[in-house]
Amino acid sequence: MLEQFDDNLFNALVEKITILSPAHFVFSLKSGMSIDEILD
Numbered sequence: 086m087l088e089q090f091d092d093n094l095f096n097a098l099v100e101k102i103t104i105l106s107p108a109h110f111v112f113s114l115k116s117g118m119s120i121d122e123i124l125d
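In structure tokens:
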């Protein structure tokens with residue numbers, strides 16, 4: 086388990102982040118998978 090943010094790992098996995106609204110982000114991974122994150 087990671088105890089702190091690892092920018093090398095993040096950059097190896099994430100292709101781009103699309104901001105749809107101030108509380109809605111889509112992480113596009115280099116594997117082709119997309120992850121929606123909606124903040125409350």
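The sequence shown runs 86 to 125 under this note's numbering.
For glycine and all other residues, C-beta sits at the position ideal for the given N, C-alpha and C.
Small disclaimer: the values here were computed from a predicted structure and weren't measured.
What does the alpha-carbon distance come out to for the pair residue i and residue j?
| i | j | result |
| --- | --- | --- |
| T103 | H109 | 9 Å |
| S113 | I120 | 7 Å |
| G117 | K101 | 11 Å |
| A97 | L87 | 15 Å |
Taking residue i as the reference, which of the options has the closest Cα?
| i | options | result |
| --- | --- | --- |
| K115 | E122, P107, L105, F95 | F95 |
| P107 | M86, L87, E122, E88 | E122 |
Consult DSSP for residue i and reduce its assignment to one of helix, strand or coil.
| i | result |
| --- | --- |
| L105 | strand |
| D121 | strand |
| L114 | strand |
Since residue i is in the alpha helix (DSSP H), which residue starts that stretch and which ends it?
| i | result |
| --- | --- |
| D92 | 92-98 |
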